[in-house]
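Take a look at the structure below.
Numbering (this note's numbering), first residue to last: 88 to 266.
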């Protein structure tokens, strides 16, 4: 009998399986970290698209408007004062020079922003909206929201209630402000 048998020993098989397991675990780790990164990028991209649409509606409506007539359902000019500044709001109504109203309402349950105005009734223009804040630009202590010439609008977005907050802001100057 010859002792010259060709094949693998059990030790060689165990060593090669160990090396294969190490290589596969490294590859799996790489793919998992890549998947997490891609997921975060996808969420951020989605929030940016939502933000662009929302700010476009708000800035166009605001520029056509002459004043703010209502914040959170309050239309009394003495109550819509500068103390509301930087407070989170649920609704805002802009009044245009032709009498049309442009209304933005945040549904805090579904986190959707609804738009009404210019022939459109209750259209969802944004999802994942966390909050909206307003502040008067270049106002004095006697400046109210219904007689200011510009406001800064900040909109915060959050998808899936995770740490991927995205906040955008725009300055809205009322072009049709009556003096």
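Note that CB positions come from ideal geometry on N, CA and C, so glycine has one too. All values derive from a computational prediction rather than experimental measurement.
- Task: Please classify residue 249: does DSSP put it in a helix, a strand, or coil?
- Result: Sequence index remark: in the chain shown, residue 249 carries index 162 (1-based). Collapsing the DSSP output to three states places residue 249 in coil.
- Message: For residue 241 and residue 201, I'd like the C-alpha separation in whole angstroms.
- Response: Locating residue 241 in the chain shown gives position 154, counting from the first residue. Locating residue 201 in the chain shown gives position 114, counting from the first residue. Taking the Cα positions, residue 241 is about 16 Å away from residue 201.
- Task: Given a cut-off of 9 Å, decide if residue 260 and residue 125 are closer than it, judged by their beta-carbon atoms.
- Result: To locate residue 125, count along the chain shown from 1; it is residue 38. To locate residue 260, count along the chain shown from 1; it is residue 173. In this structure, residue 260 does not lie closer than 9 Å to residue 125 by Cβ.
- Message: Counting only C-beta atoms, is residue 213 closer than 9 Å to chain C at any point?
- Response: Among the chains in the structure shown there is no chain C, since it carries only a single protein chain.
- Task: Please name the residue, chosen from 129, 152, 111, 187, that lies closest to residue 232 on a Cα-to-Cα basis.
- Result: Numbered from 1 along the chain shown, position 145 holds the residue referred to as residue 232. When only C-alpha atoms are compared, the closest one is 152.
- Query: Can you pull the DSSP bridge partners for residue 237?
  - Reply: On the chain shown, position 150 is the one that residue 237 refers to. Beta-bridge pairing links residue 237 to 260.
- Is it true that the stretch 137-151 meets the stretch 213-223, where meeting means three or more beta-carbon pairs spaced less than 8 Å apart? Yes, since at least three Cβ pairs between the stretch 137-151 and the stretch 213-223 fall closer than 8 Å, the two stretches touch.
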